[in-house]
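Read the structure below first, then the notes.
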């Protein structure tokens, strides 16, 4: 729907989940939408106005909100048929008071006959989320003290990308959750975390240049950890902004190349032939750019609503080790342990070259399939918790609760 829709949140519990009450969380989410007007008084709307009424005791997945926006005369319930709970209704202004009472008291007899009541489990199936590169089930959660830990886990892991590198996917989730808790407790914003990670990225490069590889790697790994924290913090606190996304994305694009150059320049003081160093740096820069252009080309030319890494199982598994910052930093770390600093850079160059060639081949195959079939589909639409139980390796790409 393109017209403005009113939204009214029936105030509920004051329990804070990731620093926000359900009311505050829903309010922040709704204010981000340009076609939603939040109202404080149910009496301030006209009879023919569209309005969505929300139960403020519940936490709503973004996809549930989008569904309600696009479906007038619809009510949503959760729970089993014997004891359903009415949580939201999209209706017209003339029925707003009756529907508000119906939600507050869970009185279905107050709902107008033109309202179609649907259970969330019946209307919304697991769906692919482009920004998070995964498919999972939308949710509505009752915010209770007993379930606080479960809900925080649900919101945190729901904010995690399904397809990413192996360090981010396996190593960082649990410690990053503790860091996000710390940031929420002390009011540290995502952009503050991103700025601190930028400072660390600069320091790590300078340490590499000064041959302080061990210390530089420690700082570098901490920077990569904070790069995980800022995004999760933004999502669980509904604090994502266009500026924050761009700020983080630009840093992610630029700093790995800065690190490799600093690492390469430092090798001259160790007597390493610089012709090999310059060749390695040239390969890294060119084929890093090739890989990025392939990713962009996949979106622009194939126009698939997902990343190239979400196309087939091979692509998602390959993303775990693709020559991006974390896998390459792991190569440099292992090389530094053996004091083979030049070999580390050469291996990064080789792996960057091979990764980009593989991506280029996958891109060509995707173009061929699009020409033959008309469109591409992501394999993640077919993966769920049941499949992951049968093939446990698929658990790498979903979070079950």
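Numbering (our numbering), first residue to last: 399 to 799. Beta carbons: idealized from backbone N, C-alpha and C, even for Gly. Quick caveat, the model's predicted, so the values are computed rather than measured.
TODO: Specify whether the stretch 625-635 and the stretch 563-583 touch according to this definition: at least 3 beta carbon pairs, one from each stretch, less than 8 Å apart.
DONE: As far as the Cβ criterion goes, the stretch 625-635 touches the stretch 563-583, which means the pair count is three or higher.
TODO: Just confirm the distance between the C-beta atoms of residue 427 and residue 403, as a whole number of angstroms; I'd bet it's less than 8 Å.
DONE: Walking along the chain shown from the start, residue 427 turns up at place 29. Walking along the chain shown from the start, residue 403 turns up at place 5. The beta-carbon distance between residue 427 and residue 403, rounded to whole angstroms, is 14 Å. This is too long to meet the 8 Å contact definition.
Task: Secondary structure, alpha helix (DSSP H): runs of 4+ residues fully inside the stretch 551-621 - done: Whole alpha helix (DSSP H) segments, 4+ residues: 571-583 and 588-607.
TODO: Look at the Cβ atom of residue 743, then the Cβ atom of residue 614, and state whether they are nearer than 7 Å.
DONE: Numbered from 1 along the chain shown, position 345 holds the residue referred to as residue 743. Numbered from 1 along the chain shown, position 216 holds the residue referred to as residue 614. No, Cβ-Cβ distance for residue 743 and residue 614 is not below 7 Å.
Task: Counted within 10 angstroms of its Cβ, other Cβ atoms place residue 612 as buried (16 or more) or exposed - done: Working through the chain shown from its first residue, we reach residue 612 at position 214. By the 10 Å Cβ count, residue 612 comes out exposed.
Task: Host beta strand (DSSP E) of residue 743 (start-end) - done: Taking the first residue of the chain shown as 1, we reach residue 743 at position 345. No beta strand (DSSP E) contains residue 743, which is instead part of the alpha helix (DSSP H) from 739-771.
- [ ] Would you identify the three-state DSSP class for residue 459, choosing helix, strand or coil?
- [x] Translated into the one-based positions of the chain shown, residue 459 becomes position 61. In the structure shown, residue 459 adopts coil according to DSSP, grouped into three states.
Task: Distance between residue 684 and residue 774 (C-alpha atoms, nearest Å) - done: Within the chain shown, the letter at position 376 stands for residue 774. Within the chain shown, the letter at position 286 stands for residue 684. Each residue's Cα considered, the two are about 28 Å apart.
TODO: Below 7 Å CB to CB, which residues in the same chain sit around residue 557 once its five sequence neighbours on both sides are set aside?
DONE: As a first step, residue 557 is located in the chain shown; it is residue number 159 there, counting from the start. For residue 557, where only same-chain residues beyond five positions count, the Cβ hits under 7 Å are 630, 633 and 634.
Open item on the list: Mapping the DSSP letters down to three states, classify residue 647 as helix, strand or coil.
Closed with: For the purposes of this step, residue 647 is identified with residue 249 of the chain shown, where counting begins at 1. Helix.
- [ ] Report buried or exposed for residue 567, applying the criterion of at least 16 other Cβ atoms within 10 angstroms of its Cβ.
- [x] For the purposes of this step, residue 567 is identified with residue 169 of the chain shown, where counting begins at 1. By the neighbour-count rule (16 or more Cβ atoms within 10 Å), residue 567 is buried.
Open item on the list: Here's a check: name, in chain order, each residue in its chain whose Cβ is nearer than 8 Å to the Cβ of residue 435, leaving out the five neighbours to either side.
Closed with: Your numbering for residue 435 matches position 37 in the chain shown. Counting only residues of its own chain and dropping the five nearest sequence neighbours on each side, residue 435 has a CB closer than 8 Å to the CB of 402, 403, 404 and 405.
Open item on the list: Based on DSSP bridge pairs, tell me the residues matched to residue 793.
Closed with: Residue mapping note: residue 793 aligns to position 395 of the chain shown, counting from 1. The partner list for residue 793 (beta bridge, DSSP) is empty, contrary to what the question assumes.
TODO: Determine the direct distance from the alpha carbon of residue 729 to that of residue 561, and round the result to whole angstroms.
DONE: Here the question's residue 561 lines up with position 163 in the chain shown. Here the question's residue 729 lines up with position 331 in the chain shown. Straight across, the Cα-Cα distance linking residue 561 with residue 729 is about 21 Å.
Open item on the list: Going by DSSP, what residue range makes up the beta strand (DSSP E) through residue 685?
Closed with: Here residue 685 refers to the residue found at position 287 of the chain shown. Residue 685 -> not in any beta strand (DSSP E); alpha helix (DSSP H) instead, spanning 672-699.
TODO: For the alpha helix (DSSP H) holding residue 518, just list the boundary residues, first then last.
DONE: As a working note, residue 518 is residue 120 in the chain shown. Run containing residue 518: 518-521, per the alpha helix (DSSP H) assignment.
Task: For residue 514, the residue or residues it bridges with in DSSP - done: For the purposes of this step, residue 514 is identified with residue 116 of the chain shown, where counting begins at 1. Residue 514 is bridged to 472.
Open item on the list: Here's the rule: buried if 16 or more other CB atoms are within 10 angstroms of the residue's CB, otherwise exposed. What is residue 453?
Closed with: Working through the chain shown from its first residue, we reach residue 453 at position 55. Classified as buried, residue 453 has 16 or more neighbouring CB atoms from the shown chains inside 10 Å of its CB.
TODO: Have a look at residue 582 and residue 656 and give me their C-alpha separation to the nearest angstrom.
DONE: Residue 582 sits at position 184 when you count from the first residue of the chain shown. Residue 656 sits at position 258 when you count from the first residue of the chain shown. Rounded to whole angstroms, the gap between the alpha carbons of residue 582 and residue 656 is 31 Å.
TODO: Kindly list the residues whose CB is nearer than 8 Å to the CB of residue 668, restricted to its own chain and excluding five residues on each side of it in sequence; keep chain order.
DONE: The residue labelled residue 668 in the question sits at position 270 within the chain shown. Closer than 8 Å at Cβ, skipping near neighbours: 609, 739 and 740.
Task: Of the residues 664, 421 and 722, the one placed nearest residue 654, counting alpha carbons only - done: On the chain shown, position 256 is the one that residue 654 refers to. Nearest of 664, 421 and 722 to residue 654, Cα basis: 722.
- [ ] Indicate whether the contact test is met: 3 or more Cβ pairs, each with one atom in the stretch 697-705 and one in the stretch 669-689, closer than 8 Å.
- [x] Verdict: no, contact absent.
- [ ] Could you pull out every residue in the same chain whose Cβ sits closer than 7 Å to the Cβ of residue 643, ignoring the five residues on either side in sequence?
- [x] Locating residue 643 in the chain shown gives position 245, where the first residue counts as 1. Excluding residues within five positions, none has a Cβ falling inside 7 Å.
TODO: Within its chain, find whatever has a CB closer than 7 Å to the CB of residue 421; leave out the 5 residues flanking it on each side and keep chain order.
DONE: If you number the chain shown from 1, residue 421 lands on position 23. 407, 409, 410 and 454, listed in sequence order.
Task: Within 7 Å, strictly: CB atoms of residue 440 and residue 498 - done: Position 42 of the chain shown, counted from the start, is the residue given in the question as residue 440. Position 100 of the chain shown, counted from the start, is the residue given in the question as residue 498. Taking 7 Å as the Cβ cut-off, residue 440 and residue 498 qualify as a contacting pair.
Task: Integer-rounded CB distance, given that residue 696 should sit under 8 Å from residue 764 - done: Mapped onto the chain shown, residue 764 falls at position 366. Mapped onto the chain shown, residue 696 falls at position 298. That belief holds up - the Cβ atoms of residue 764 and residue 696 are roughly 6 Å apart, short of 8 Å.
TODO: Report the partner residues of residue 484 according to the DSSP bridge assignment.
DONE: For the purposes of this step, residue 484 is taken as residue 86 along the chain shown, with counting starting at 1. Beta bridge pairing from DSSP links residue 484 with 475.
Task: Under 7 Å between C-beta atoms of residue 450 and residue 517 - done: For the purposes of this step, residue 450 is taken as the residue at position 52 of the chain shown. For the purposes of this step, residue 517 is taken as the residue at position 119 of the chain shown. It is not a contact, given that the beta carbons lie outside the stated cut-off.
- [ ] Count the other C-beta atoms from every protein chain shown that fall within 10 angstroms of the C-beta of residue 686, then say buried if there are 16 or more, exposed otherwise.
- [x] Counted from its first residue, the chain shown places residue 686 at position 288. Residue 686 should be labelled buried.
Task: Neighbour-count burial assignment, residue 772, 16 or more Cβ in a 10 Å radius - done: Along the chain shown, read from residue 1 onward, the residue named residue 772 stands at position 374. With fewer than 16 neighbouring CB atoms inside 10 Å of its own CB, residue 772 falls in the exposed class.
TODO: With DSSP as the reference, label residue 435 as helix, strand or coil.
DONE: Here residue 435 corresponds to residue number 37 of the chain shown, with the count starting at 1. The answer is strand: DSSP assigns residue 435 an E or B state.
Open item on the list: Quick check on DSSP: helix, strand or coil for residue 625?
Closed with: Looking up residue 625 in the chain shown gives position 227. The answer is helix: DSSP assigns residue 625 an H, G or I state.
- [ ] Would you mind reading off the limits of the beta strand (DSSP E) that contains residue 452?
- [x] The residue you call residue 452 lines up with position 54 of the chain shown. Residue range 448-453 is occupied by the beta strand (DSSP E) that includes residue 452.
Open item on the list: For residue 706, count the other beta carbons within 10 Å of its own beta carbon; 16 or more makes it buried, fewer makes it exposed. Which is it?
Closed with: For the purposes of this step, residue 706 is taken as the residue at position 308 of the chain shown. Burial call: buried.
TODO: Assign residue 776 to one of three DSSP states: helix, strand, or coil.
DONE: On the chain shown, position 378 is the one that residue 776 refers to. DSSP places residue 776 in coil when its eight states are reduced to three.
Task: residue 553 versus residue 546 - alpha carbon distance - done: Taking the first residue of the chain shown as position 1, residue 553 is located at position 155. Taking the first residue of the chain shown as position 1, residue 546 is located at position 148. Distance between the alpha carbons of residue 553 and residue 546: 11 Å.
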